[in-house]
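Numbering (the numbering used here), first residue to last: -2 to 333. Ideal Cβ placement from N, Cα and C applies to all residues, glycine included. Quantities reported herein were computed from a predicted structural model and do not represent experimental measurements. In what follows, a structure is listed as structure tokens, so that the remarks can point back to it.
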Amino acid sequence: MNPAPDILRAAYAELVCTDLERSRWFYVDVLGLVVTEENDEAIYLKGFDEFLHHSLVLRKGDTAALAKLAFRVCAPEDIDKAETYFTGLGAEVRRLPAGTTRGIGEAIFVLDPLGYPVEFFYDAEHTERLHQQYHRMPSNRLTRLDHFNITVPDVAEGQKYYADLGFRMSESIEDDEHVYAAWYYRKPTTHDLALTSGDGPRLHHIAFSAAEREQILNTADILGSYQAEDLIERGPGRHGVTNAFYLYLRDPDGHRIELYTSDYYTGDPDNPQIRWDVSNPRRRSWWGHDIRASWYEESSEVLDLDGVPVPIRTQVASERAAAIGADGFGIPTASH
């Protein structure tokens, strides 16, 4: 088997949005992300601690969907490794010239074995890091992109794929028969990518980190000021898995965004894995409100390399169904 590219971290995502003006309001006015560039077709955004050109692209389109997940690799030669590796897997592979995505160098774009459009790149345009420009920071400032969470019909299949790519697992939700979710990392935090059981391939959420939980709570206050509190889907609360403080929002197109802080370091080579039983009521929420049915059932559509929706397969085992009667989290709660 050809060697896998050496992946550094989750780097950016590209979402198709149907109304760029409304999306700009959500991501800039509400979440406080920084615009590095924009035109009539796309908006490029980043957090205050980030120096690459962007960590999120909002691209105008007719139907809301995930267009791309992107990982940065550790060295330029990993671009060639990625091309060889995914060609060997029989995946659809395209080599993208520098600038195909604004601010990104030469890249390899693949439809991976799980059905996701994924880009691997090294070179990228640098922009000013704004981490000490406190006069520009909103009360709810976000520091950086943290991770992706994808919905897959068979978590075990996803585990093998990401383990082969060199990712390490920090935590999982399991029982004696199935794995319902798993958290994988390359940077020394709890995850760059999580696998969640569900009909897929679909995007469950993209997460941005805040430095302090008060900044996440301020986002809830800001949404209340806009009379847009109905965009809060879940939280605030604290996860059992990862120990992170969280708030889940839905953007104007329904894309799910997590605001996230306070997970832990995983950089030691003998970092212990944590296994949560699916019957443990504190696995998803150490404390917080019951999980709404939409959190388990709804996710964003995924596009292939040509922008065509990827067919969805039915999940092998449902965490929500397995947990009913054990913790009540799988029982639908009232929508508002």
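* To do: My understanding is that Glu168 touches Thr239, with C-beta atoms under 8 angstroms, so please give their C-beta distance in whole angstroms.
  => Start at 1 with the first residue of the sequence shown, and residue 168 comes out as number 171. Start at 1 with the first residue of the sequence shown, and residue 239 comes out as number 242. With 8 angstroms as the limit, Glu168 and Thr239 qualify as a contact, their Cβ atoms being about 7 angstroms apart.
* **Coil, strand or helix - Val275 by DSSP** => For the purposes of this step, residue 275 is taken as the residue at position 278 of the sequence shown. In this structure, Val275 counts as coil in the three-state DSSP scheme.
* Asked: Is it right to say His132 is buried, meaning 16 or more other beta carbons lie within 10 angstroms of its own, or is it exposed?
  -> Here the question's residue 132 lines up with position 135 in the sequence shown. Under this definition His132 is an exposed residue.
* For Tyr245 and Gly232, believed in contact at Cβ under 8 angstroms, the rounded distance -> Within the sequence shown, residue 232 is the residue found at index 235, counting from 1. Within the sequence shown, residue 245 is the residue found at index 248, counting from 1. Approximately 6 angstroms separates the beta-carbon atoms of Gly232 and Tyr245; this is inside 8 angstroms, confirming the contact.
* Run through DSSP, which three-state label would Tyr113 get? -> Position 116 of the sequence shown holds residue 113. DSSP places Tyr113 in coil when its eight states are reduced to three.
* Return helix, strand or coil for Tyr223, following the three-state DSSP convention. => Along the sequence shown, one-based indexing puts residue 223 at 226. In the structure shown, Tyr223 sits in coil (DSSP, three-state: anything other than H, G, I, E or B).
* Look at the alpha carbon of Arg91 and the alpha carbon of Ala1, and state the distance between them as a whole number of angstroms. => Start at 1 with the first residue of the sequence shown, and residue 91 comes out as number 94. Start at 1 with the first residue of the sequence shown, and residue 1 comes out as number 4. Taking the straight line from one Cα to the other gives about 17 angstroms.
* Count the other C-beta atoms from every protein chain shown that fall within 10 angstroms of the C-beta of Val27, then say buried if there are 16 or more, exposed otherwise. => Looking up residue 27 in the sequence shown gives position 30. With 16 or more other Cβ atoms inside 10 Å of its own Cβ, Val27 counts as buried.
* To do: Please state whether DSSP places Glu125 in a helix, a strand or coil.
  => Here the question's residue 125 lines up with position 128 in the sequence shown. Looking at Glu125 - three-state DSSP - the assignment turns out to be coil, as it is neither helix nor strand.
* Can you say whether Met166 is buried or exposed, counting buried as having 16 or more other CB atoms within 10 angstroms of its CB? => As a position in the sequence shown, residue 166 is number 169, starting the count at 1. Counting C-beta atoms within 10 angstroms of its own C-beta, Met166 has 16 or more neighbours from the protein chains shown and is therefore classed as buried.
* Going by the CB atoms, is the gap between Leu142 and Ser20 shorter than 8 angstroms? -> Taking the first residue of the sequence shown as 1, we reach residue 20 at position 23. Taking the first residue of the sequence shown as 1, we reach residue 142 at position 145. No; because the gap between Cβ atoms is not below 8 angstroms, this pair is not in contact.
* If you drop the 5 nearest sequence neighbours on each side, which residues of the same chain put their C-beta closer than 7 angstroms to that of Tyr9? -> Against the sequence shown, residue 9 aligns to sequence position 12. His51, Ser52, Leu53, Val54, Ala67 and Leu142.
* Integer-rounded CB distance, given that Tyr177 should sit under 8 angstroms from Glu316 -> Sequence index remark: in the sequence shown, residue 316 carries index 319 (1-based). Sequence index remark: in the sequence shown, residue 177 carries index 180 (1-based). Going by Cβ atoms, the distance from Glu316 to Tyr177 rounds to 4 angstroms, so yes, they are a contact pair.
* Stretch pair the stretch 99 to 117 + the stretch 285 to 298: three plus CB contacts closer than 8 angstroms -> Segments in contact, no.
* Asked: Do the CB positions of Asp3 and Ala72 come within less than 8 angstroms of each other?
  -> Counting from 1 along the sequence shown, the entry for residue 3 is found at position 6. Counting from 1 along the sequence shown, the entry for residue 72 is found at position 75. With contacts defined as CB atoms closer than 8 angstroms, Asp3 and Ala72 qualify as a contacting pair.
* Spatially closest choice to Asp151 from Asn268, Arg183 and Thr193, by CA coordinates -> Along the sequence shown, one-based indexing puts residue 151 at 154. Of the listed residues, the one whose Cα sits closest to Asp151 is Thr193.
* To do: Taking the CB atoms as reference points, tell me whether Trp283 and Gly237 lie closer together than 8 angstroms.
  => Reading the sequence shown from its first residue, position 286 is the one you call residue 283. Reading the sequence shown from its first residue, position 240 is the one you call residue 237. Yes. Within cutoff.
* Three-state class that DSSP yields for Ile76 in the structure shown -> By one-based count along the sequence shown, residue 76 stands at place 79. If DSSP states are grouped into helix, strand and coil, Ile76 belongs with the helices.
* **DSSP state of Ser332 mapped onto helix, strand, coil** => Against the sequence shown, residue 332 aligns to sequence position 335. Summary for Ser332: the model assigns pLDDT 35, below 50, so the residue's position carries little reliability; its value from the coordinates is reported in the next sentence. Ser332 falls in the coil class under three-state DSSP.
* Is the CB-CB distance between Val335 and Gly197 below 8 angstroms? -> Outside the modelled stretch of the chain, which goes from -2 to 333, sits residue 335, for which no answer is possible.
* What's the call for Gln270, buried or exposed, on a 16-neighbour Cβ count within 10 Å? -> Taking the sequence shown and counting its residues from 1, the one referred to as residue 270 is at position 273. Looking at its Cβ environment, which holds fewer than 16 other Cβ atoms inside 10 Å, Gln270 is exposed.
* Span of the beta strand (DSSP E), counted from its first residue to its last, around Ala191 -> Mapped onto the sequence shown, residue 191 falls at position 194. Taken as a continuous stretch (DSSP letters only), the beta strand (DSSP E) holding Ala191 covers Leu190 to Ser194.
* **Three or more C-beta pairs below 8 angstroms linking the stretch 260 to 270 and the stretch 299 to 314** => No, the stretch 260 to 270 is not in contact with the stretch 299 to 314.
* Asked: beta strand (DSSP E) containing Val299: first to last residue?
  -> Position 302 of the sequence shown, counted from the start, is the residue given in the question as residue 299. Counting along the chain, Val299 sits inside no beta strand (DSSP E), nor does DSSP assign it H or E at all.
* **Simplified DSSP assignment, three categories, for Gly234** => Against the sequence shown, residue 234 aligns to sequence position 237. DSSP places Gly234 in the strand class (E or B) of the three-state scheme.
* When Cys14, Leu42, Arg56 and Lys78 are compared against His123, the one with the closest alpha-carbon -> Residue 123 sits at position 126 when you count from the first residue of the sequence shown. Residue Leu42 holds the alpha-carbon nearest to the alpha-carbon of His123 among Cys14, Leu42, Arg56 and Lys78.
* Under 8 angstroms, do Arg6 and Arg69 count as touching if we go by C-beta distance? -> Stepping through the sequence shown from its first residue, residue 6 is reached at position 9. Stepping through the sequence shown from its first residue, residue 69 is reached at position 72. Closer than 8 angstroms, so yes.
* To do: Could you have a look at Gly322 and say whether DSSP puts it in helix, strand or coil?
  => Position 325 of the sequence shown, counting from 1, holds the residue named residue 322. Because the pLDDT of Gly322 is 43, which lies under 50, any placement of that residue in the model is unreliable, and the question is left without a value.
* Residue range of the alpha helix (DSSP H) that includes Trp292 -> The residue you call residue 292 lines up with position 295 of the sequence shown. Looking at the DSSP string, the run of the alpha helix (DSSP H) that includes Trp292 is Ala290 to Glu294.
* Reducing DSSP to helix, strand and coil, say where Trp283 ends up. => Within the sequence shown, the letter at position 286 stands for residue 283. In the structure shown, Trp283 sits in coil (DSSP, three-state: anything other than H, G, I, E or B).
* Asked: Whose C-beta lies closer than 6 angstroms to the C-beta of Glu298 among residues of the same chain, with five residues either side of it excluded?
  -> Along the sequence shown, read from residue 1 onward, the residue named residue 298 stands at position 301. Non-local C-beta neighbours of Glu298 in its own chain, meaning closer than 6 angstroms and more than five positions away in sequence, comprise Ala62 and Pro306, ordered along the chain.
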